[in-house]
Amino acid sequence: MKKTISLILLSTLIFSCSKKNNPIDDDWKVFNDGIYILNEGIYGRNNSEVSHYNLKTNKVIDNFYSSANGKSIGDNANSLFFFDGKAFIAVDASNKIEVMNLVDGKSLGLIDLGAKGSPREIFILNSTRGFVTSFSKNAVIEFNPKTLSVSREIPVGKFPEGIVYKENKLFVANSDLGSGTTVSVIDINTNNVVKTISVGRNPRMISLSNDGKIFVGCSGDFFDANYISGFYMIDPGSLAVVDSIKLAYHPQDFTISKNNTLYYINDKGVGRINLAAKSVDTVFIFGATVNDIFGIPYALTFDEITEQLYVSNPKDFSQNGEIKVFNKNGIYISKFDVKINPGGIYIYR
């Protein structure tokens with residue numbers, strides 16, 4: 000879906016590298032400080048891939064999963080969640096959650112979500128309860144991370160994407176293919192939706208801030224300026240929207256640092272928001288600095304230890320991409336190569 004959004008942006012715009020491809024040997028079997036990059040590949044080509052970047056040695060295995068397993072991870076890998084030394088990977092068009100050993104990249108099995116499973120975002124509570132949004136089923140699917148079996152489906156709004164957990168509740172962003180305006184709240188004790196919260200247009204991304212508030216990223220309408228995009232803050236206690244920040248340029252992927260700075264991708268590049276002061280720097284890093292072909296970044300994350308920002312460059316969405324590294328002031332530091340359409344960047348320590 001993220002690629003679909005970026006291609007919409009592209010259509011409106013148009014009307015020092017590290018070592019890679021190292022074999023997986025004993026030197027690679029302890030990843031205390033590493034980044035896992037989830038490369039979506041090209042939809043329908045069955046060529047999604049996981050890349051690994053070693054933060055200590057700056058070495059890259061760009062085909063981490065396929066080197067370990069002799070095959071692709073599947074079609075259109077969408078997101079990744081760390082749990083118990085494993086990566087649980089939502090593979091959208093393959094209708095499954097793939098389970099990968101973080102140490103050596105070996106497959107540990109999969110969770111078959113059935114026809115139209117279309118997994119988007121994952122949250123795992125414990126060894127027996129995990130949850131994933133199912134885009135095509137308009138539901139959250141509960142699964143057992145230990146037995147790799149499906150437990151139940153919980154109906155939510157249309158075409159759900161982002162999911163986050165707080166105070167025994169799941170908060171689910173219902174995108175409705177760009178027309179949605181709601182967040183469903185599920186009580187995990189009853190497995191029922193207990194409230195539907197109204198937010199902005201096209202809620203897709205959702206995350207927790209350092210002080211426990213829930214931030215919902217609403218991308219707005221790419222063709223109708225009357226639907227303003229922005230971020231909406233939900234109090235998990237009252238289950239009400241308590242604040243919002245309206246924005247231009249359609250926010251997409253975002254991350255919130257521990258000092259409450261929100262970094263986000265938009266049409267023009269990377270923006271940032273000081274949440275305490277509610278001050279917005281709309282173009283913190285220009286898109287062309289990340290992607291000199293189309294000016295469109297794709298995903299990002301912030302490293303709290305090094306205070307560095309990792310931003311993915313999909314290039315033209317059909318060739319191998321790269322990750323560019325910036326300091327907290329937006330100054331370029333370095334880059335490294337990955338595979339096609341790097342749509343998720345996940346730091347593991």
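The C-terminal residue of the sequence shown carries number 348 in numbering that gives the first Met the number 0, and the numbering is unbroken.
Ideal placement from N, C-alpha and C gives every residue a C-beta, glycine not left out.
Residue i - DSSP class collapsed to helix/strand/coil
{"i": "residue 269", "result": "strand"}
{"i": "residue 246", "result": "strand"}
{"i": "residue 193", "result": "strand"}
{"i": "residue 326", "result": "strand"}
{"i": "residue 221", "result": "coil"}
{"i": "residue 260", "result": "strand"}
{"i": "residue 298", "result": "coil"}
{"i": "residue 117", "result": "coil"}
{"i": "residue 238", "result": "coil"}
{"i": "residue 289", "result": "helix"}
{"i": "residue 86", "result": "strand"}
{"i": "residue 183", "result": "strand"}
{"i": "residue 274", "result": "coil"}
{"i": "residue 111", "result": "strand"}
{"i": "residue 315", "result": "coil"}
{"i": "residue 129", "result": "strand"}
{"i": "residue 176", "result": "helix"}
{"i": "residue 47", "result": "coil"}
Limits of the unbroken beta strand (DSSP E) element including residue i
{"i": "residue 311", "result": "307-312"}
{"i": "residue 102", "result": "Residue 102 -> no beta strand (DSSP E), and no H or E assigned at all."}
{"i": "residue 76", "result": "76-82"}
{"i": "residue 253", "result": "253-255"}
{"i": "residue 144", "result": "Premise fails: residue 144 is in no beta strand (DSSP E) and is neither H nor E."}
{"i": "residue 38", "result": "33-38"}
{"i": "residue 162", "result": "159-165"}
Residue span of the alpha helix (DSSP H) that contains residue i, given as start and end
{"i": "residue 63", "result": "63-68"}
{"i": "residue 211", "result": "Note, residue 211: premise wrong, no alpha helix (DSSP H); not H, not E."}
Assumed close pair residue i, residue j - CB separation to whole angstroms, cut-off 8 angstroms
{"i": "residue 338", "j": "residue 150", "result": "Actually they do not touch by this definition, with Cβ atoms about 33 angstroms apart."}
{"i": "residue 175", "j": "residue 156", "result": "7 angstroms"}
{"i": "residue 89", "j": "residue 78", "result": "5 angstroms"}
{"i": "residue 187", "j": "residue 168", "result": "7 angstroms"}
Residue i versus residue j: straight-line alpha-carbon distance, rounded
{"i": "residue 196", "j": "residue 204", "result": "15 angstroms"}
{"i": "residue 317", "j": "residue 285", "result": "22 angstroms"}
{"i": "residue 138", "j": "residue 190", "result": "12 angstroms"}
{"i": "residue 71", "j": "residue 37", "result": "12 angstroms"}
{"i": "residue 334", "j": "residue 309", "result": "9 angstroms"}
{"i": "residue 300", "j": "residue 271", "result": "12 angstroms"}
{"i": "residue 304", "j": "residue 228", "result": "31 angstroms"}
{"i": "residue 214", "j": "residue 208", "result": "7 angstroms"}
{"i": "residue 231", "j": "residue 252", "result": "14 angstroms"}
{"i": "residue 93", "j": "residue 125", "result": "25 angstroms"}
CB contact below 8 angstroms: residue i versus chain C
{"i": "residue 215", "result": "Considering every chain present, this structure includes no chain C. It has just one protein chain."}
Q: Decide if the region 127-137 is in contact with the region 159-173; the criterion is three or more beta carbon pairs, one per stretch, under 8 angstroms apart.
A: At 8 angstroms Cβ cutoff, the stretches touch.
Q) Counting pairs of Cβ atoms below 8 angstroms between the region 112-123 and the region 57-72, do you hit three or more? A) By the Cβ criterion, the region 112-123 is not in contact with the region 57-72, since fewer than three pairs of Cβ atoms, one from each stretch, lie closer than 8 angstroms.
Q: Would you check if there are 3 or more beta carbon pairs closer than 8 angstroms linking the region 287-302 to the region 315-332?
A: Because the criterion of three Cβ pairs below 8 angstroms is met, the region 287-302 and the region 315-332 touch.
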